[in-house]
Every structure is written in C-alpha cells, then in structure tokens.
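Residue numbers (this note's numbering): 164 to 421. Everything below concerns the one structure shown next.
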Amino acid sequence: MEERLQKLIAAAGLASRRKAEELILAGEVTVNGQVVRELGTKADPTRDHIKVRGKLINPLLEKREKIYVLLNKPRGVLTSLHDPEGRPLVTDLIPPSLGRLYPVGRLDFNTEGLLILTNDGELANYITSARNRIGKVYEVKVKGKPPEDAIEFLRRGLKLDDGARTAPAEIRRLAETKTNTWYEVVLYEGKNQQIRRMFDKIGHSVVKLRRVAIGPIRDEKLAPGEWRFLTPKELELLRRQKAPARSPTLSRRSRGRN
C-alpha cells in the first residue's frame, strides 16, 4: 500500500519525519530512479525502489513489525483514514499504539461486519486482488421476496447505472419472513456499494448488510466495535485459501432479526 515518503523514511529508522521532509526537499530521495521533491509523494515499498542518499531502504522497511487486526465495523463508521465532515473512522476504534494501519478494502458507512486492518501492503494487495478469488461473504436482508429469476439475473452479473459491470456472484437464500428475505452473497470482485445497487436494480432494496467472512476468516463472537489480532493460523489459511468462504447457515448474530 502507498504511504508518504517521509513516513517510510522515518519507519526505516533513517531520520525523523521532519528530517525526512528536508531530505526530500533537498532532492536526496529517489523513487524508481527518479528524484522526488514533492512532500505529498507516496510510494509502495512492495513494488517501488526507494533510495535515500543512494541507499535502498526497502530491506529496512521489510523488517518492520507486521500487524494484522480483525475489526467488526459497526454501522455509522467510515472506512477511511480521514474525513472532512468529522465522521467516526474505523481507525478510531483501534489503539493509537498499534501505529498506522490501513483498512483492506472498504465497507460502506452503513454496512457493518468484518474488516482487516494492517501495515502489510503485500497481504492487503493479495486480499483485494480479484485474481486471487478471496471471497467476501455478506448476509443481506432485503425488502420483499425477490423471484428466483431476478436473483439468477444478479448471479450472472449485470450492468449498473454508471455502466460498470459486476462480476458473477454467488447468492443463496437463507431465510424469509412475511416482509423480508435474507441472502448470503459472496463477491470475489466488488464495486462501490455493489450489493445495495444490485438489489436496487431488481426493485428490492437492502435493509441490512453485514460482512461475515473474508475468505476463511470468521468470528461470530466479535461484537460490533470490537477488534482482535489475527492468529498465525488464520494468516496461514488466508494466504493459502484452504478454507471455504461459504457458510451453511445464517450466523447466530443475524438470526431473529426481522
């Protein structure tokens, strides 16, 4: 993931951030062989070669302690590092002592559920890349009872109002009441507010939306707003994708919601 150069230089232990800014302004920092003088410049140490006074700092950055946090994002919290409107951020829910962590992917402001935060750009890219087919599993409550042919239309992929086309999705009905229906939706490649826009397309708007799994990572005991570290076993499963993404039943947390 991209970070500001002065932050990367400081993280490598070469200088304070203020001193790093002076090095950038003096033209003593290069990215992929090009001198950088703009303080807002960002780079990704997993793909860019960053040098300070001719010294490659990537090996120093690789030695940084990697942190992996699993957060159950509540509704009404923004998946972002900054917000000019002053809304609550996911980073407000984890201790500042963990350092700068970045959310892997996004959850809408009014969507709850599991979110990984990390300083490991390589793993973040691995999870979000569509070619690795790491399924993100959602439980979706929609108004009414959509007909099966409409759901099949969503499964195949469709063109959204802005012209973007969705990739095929796995959709399975979980439960229904007199007025609503629950579905499990698995996405391997997501677009902004995709699930809400998909169901709007067939005239059955989303009432509740919750992400319950990221590949093999699940935790029904993690309450909204709570977080924990991912275990070494979970990281191994995530990287190897040995666990199925789908679940056989509606999670206990969602059962009974009308």
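Every residue gets a Cβ at the ideal spot worked out from N, C-alpha and C, and that includes glycine.
Each residue's CA atom was taken as its position, placing Gly320 and Ser260 some 43 Å apart. The secondary-structure analysis by DSSP pairs Pro266 across a beta bridge with Leu280.
The beta strand (DSSP E) runs of length 3 or more contained entirely in the region 196-274 are, from start to end of the chain, 213-215 and 231-236. Spanning the alpha carbons of Ile187 and Gly196 requires a straight line of approximately 14 Å. The count of Cβ pairs closer than 8 Å, one atom from the region 268-279 and one from the region 310-325, stays below three, leaving the stretches out of contact. Of the candidates Leu233, Lys236, Pro237 and Thr254, the residue whose Cα lies closest to the Cα of Ser243 is Thr254.
Asp283 sits buried, since 16 or more C-beta atoms from the chains shown fall within 10 Å of its C-beta. In this structure, Gly203 and Arg167 form a Cβ contact; the two beta carbons are roughly 7 Å apart against a cut-off of 8 Å. Burial of His367 is indicated by the presence of at least 16 other C-beta atoms within 10 angstroms of its C-beta.
Scanning Asn343, Arg374 and Ile172 for the CA closest to the CA of Lys299 turns up Arg374.
Taken through DSSP and simplified to helix, strand or coil, Glu185 comes out as helix. Unbroken beta strand (DSSP E) runs of no fewer than 3 residues, entirely contained in the region 309-350, are found at 333-339 and 343-350, following chain order. Note: Tyr301 is bridge-paired with Val348 and Arg374 in the DSSP secondary-structure output. Cα atoms of Phe272 and Leu241: separation of roughly 5 Å, rounded to the nearest angstrom. Counted as a single uninterrupted DSSP element, the alpha helix (DSSP H) harbouring Arg402 occupies residues Pro395 to Arg403. Secondary structure of Glu285 (DSSP, three-state): helix.
Apart from sequence neighbours up to five positions away, the residues of its chain that approach Ala183 with a beta-carbon distance below 6 Å are Gln169, Ile172 and Ala173, ordered along the chain.
Distance from the CA of Arg402 to the CA of Val370, rounded to the nearest whole angstrom, comes to 33 Å. Taking a cut-off of 8 Å for Cβ pairs, the region 374-390 and the region 329-337 do not touch, as fewer than three such pairs fall below it. Around the beta carbon of Thr394, fewer than 16 other beta carbons sit within 10 angstroms, so the residue counts as exposed. Of Ala293, Thr281 and Ala178, the smallest CA-CA separation from Glu165 is found for Thr281. With a cut-off of 8 Å on Cβ pairs, the region 346-354 is not in contact with the region 224-240, counting fewer than three such pairs. It is roughly 16 Å from the alpha-carbon of Thr291 to the alpha-carbon of Val232. When Ala313, His212 and Glu228 are compared, the shortest CA-CA separation from Asn221 is found for His212. Spatial neighbours of Arg269 in its own chain (CB-CB distance under 6 Å, excluding positions within 5 residues in sequence) are listed in chain order as Thr242. The beta carbons of Asn288 and Thr209 sit closer together than 8 Å.
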